[in-house]
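Written below as structure tokens is the structure these notes are about.
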Amino acid sequence: METTDSATEGDPLKRGRGRVTYDFLAIEDASQDKVMDVLFVLKSTEVSQNETCAAAGLPSPCVFVCAVDGTDGEDLWVRPLHPDFHWAQCGLDKGTSRNWELSVVPFWQSHSHRQTQRWQKPQPSGLRSTVPVLSVPDLDGQKVNDVALVASDSTQTQLVFVSGESGDQIGSTVVLDSTETTSHFLHRVTEGSYYVILQKDTGVYGLALRRIAAKAKPGMEKSLKEDKNWKKTASESSGLVPIYESDSVKQVLTTGETGDSPNLLLVTGNEVALVDGRKLQLQWKFNTSSVISEPTFGHYNKDDILDVVLEEDIGNHTKRVVILDGKSGGVLWEVNLLATPNSPKPASIHTTNHFSIFVFWGMFPSGSNTSVPLTSDRHSYMLLPLYSKVLLESTSSTDHIITFKATLLEGGRHAAYIMLTGPETAGAEGTVVLSKRKLKQDVPTSNVLRIGTGGSTETNDDIKEAFSRLRFSDW
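Quick note: the sequence shown uses the numbering used here, first residue 647, plus one each step.
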């Protein structure tokens, strides 16, 4: 996979031929130049003349973990790995100077900014772990955050602690539950009080990390606590804390990544619900039975509470994009779009004026839209809440999208789309392209669509100018 001759904004960062690419993009400052870079995973025989499976002593094709410069797409580093790839995850040590990349099998951990291998280990015997990997407080006294691997099958869900310093297993394997779990993540309630959240066929539950650590190795739990409110409702036998009981839970998300006790958003077969992340009280419910993508978050208003973006199937190849008030669950904004194939979920990027820019994919319906929408009909749309009756419409690549992110690459000004495209058929050989496009780049050539009634009186040029003047920020 070679760098293109020029990688100006909008051009491919990387282009090459590979057998398989994966739904994985990580955005990290790998080069430590204050501009975020891109990490992705590719299965191929080579990524350059100097980076081949054969040269690394690996069977071909093999897996390459690649870090490329977010500015020009130049290779920062490439790591060939055994072809039995299961998952990758970046940023396990958020809040410290280290950001790590992991992949399994083999189980490999490195500094993403130097590609310095910290350690490489096989997975614990008999454990086929899944993402997310959990970054837990230092349990073995090595002054480095440790790692918890979770694996689930039809008979049980297990957890193994692994030293962040050496990669060795800490203590014994712990059975979390005697049933299969659909998803899991680590939830911090208060300082020192952590719970592993488990999604089961009967609902969503929490299990104290302190309790798990004590089972793995008695005494290892001494630095951890159990929250008093959560402990009151915990099962005496299993320790499970009921958070939301329902036999139709499809997704569980947190409303933020920073601070204590982010709220929990749950999608079930007939509603979306928000639960207080500390008190476990239901905040609101929104009735819907047709959520078709993972909800996302952004700021539609200035109350500093993250609002929720949903896509609902409303039939006839049409979806409703709706923004719910994060405080009340009420509808703040909505629009109907044709549901074009292979469209990414909505995204948002925060701006310095406290609002977010929202990005949607699909096709705006018109009187001439009478047939089933095709990938070639796919457009992207930008919404700025200050102009809630206006969308900016841009044409989209017709390539098959493997994964997509809208992200802030550089504080204040450099927000961009990062897109990985490749063969539509799993395992097929074809061209793989990693591309970047600045968020503002399409503004001058976008169509200004007026939606609803009573909209803005500004001219199209005024609205485009407002988009072009935006500055971006972290949450």
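Every residue, glycine too, gets a C-beta built ideally from N, C-alpha and C. None of these values were measured; they are calculated from a predicted model.
Item, Value
"Taking C-beta to C-beta, are residue 898 and residue 824 nearer than 9 angstroms?", "no"
"Starting from the C-beta of residue 675, find all residues in its chain whose C-beta is less than 6 angstroms away, skip the five residues before and the five after it, and write them out in chain order.", "682"
"Do the CB positions of residue 1051 and residue 1097 come within less than 9 angstroms of each other?", "no"
"Using 10 angstroms around the beta-carbon of residue 1024, count the other beta-carbons present and answer buried if the total reaches 16, otherwise exposed.", "buried"
"Look at the alpha carbon of residue 857 and the alpha carbon of residue 888, and state the distance between them as a whole number of angstroms.", "16 angstroms"
"In three-state terms, what does DSSP make of residue 1113?", "helix"
"Since I believe residue 990 is in contact with residue 1007 (beta carbons under 8 angstroms), could you give me their beta-carbon distance rounded to a whole number of angstroms?", "5 angstroms"
"Taking the alpha-carbon positions, what's the residue 984 to residue 1010 distance?", "6 angstroms"
"Taking just the CA atoms, how far does residue 850 sit from residue 793?", "22 angstroms"
"Determine the burial state of residue 891: buried for a count of at least 16 other Cβ atoms within 10 Å of its Cβ, exposed for fewer.", "exposed"
"Looking at the structure shown, is residue 1082 part of a helix, part of a strand, or coil, going by DSSP?", "strand"
"Quick one: grab the DSSP three-state call for residue 1022.", "helix"
"Indicate the three-state DSSP secondary structure (helix, strand or coil) for residue 858 in the structure shown.", "helix"
"Would you list, in sequence order, the uninterrupted beta strand (DSSP E) runs of no fewer than 3 residues that lie entirely inside the region 774 to 860?", "776 to 782, 792 to 798, 803 to 808, 815 to 823, 829 to 836, 839 to 846 and 849 to 854"
"From residue 1114 to residue 961, what distance separates their C-alpha atoms?", "35 angstroms"
"Please check the pair residue 909 and residue 921, which I expect to be a contact at CB under 8 angstroms, by giving their CB distance rounded to whole angstroms.", "6 angstroms"
"Can you give me the Cβ contacts of residue 724 inside the same chain, cut-off strictly under 6 angstroms, excluding the 5 residues immediately before and after it?", "693, 697, 710 and 712"
"Note down, in chain order, each residue of its chain lying with its Cβ closer than 8 angstroms to the Cβ of residue 741, except the 5 sequence neighbours on either side.", "In this prediction, residue 741 has a pLDDT of 46, which is less than 50 and means its spatial position is unreliable; nothing more can be read from the coordinates."
"Which of the three DSSP states, helix, strand or coil, is assigned to residue 747?", "With a pLDDT of 45 at residue 747, under the threshold of 50, the predicted position of this residue should be treated as unreliable, and no value is reported."
"Rank 927, 1077, 1027 and 1031 by C-alpha distance to the C-alpha of residue 1102 and give the top, closest one.", "1031"
"For residue 872, does the count of other Cβ atoms within 10 angstroms reach 16, so buried, or fall short, so exposed?", "buried"
"Keeping to the same chain, check which residues put their C-beta closer than 6 angstroms to that of residue 798; ignore five residues upstream and five downstream.", "826 and 827"
"Excluding five sequence neighbours on each side, which residues of the same chain lie with their C-beta closer than 8 angstroms to the C-beta of residue 934?", "916, 917, 918, 956 and 958"
"How far does the alpha helix (DSSP H) with residue 931 in it reach, from first residue to last?", "That residue, residue 931, is in no alpha helix (DSSP H); its beta strand (DSSP E) goes 928 to 933."
"Are the beta-carbon atoms belonging to residue 796 and residue 842 less than 9 angstroms from one another?", "yes"
"Tell whether a beta-carbon distance below 9 angstroms holds between residue 1038 and residue 1078.", "no"
"Taking the beta strand (DSSP E) that residue 999 falls in, what are its first and last residues?", "No beta strand (DSSP E) holds residue 999; DSSP gives it neither H nor E."
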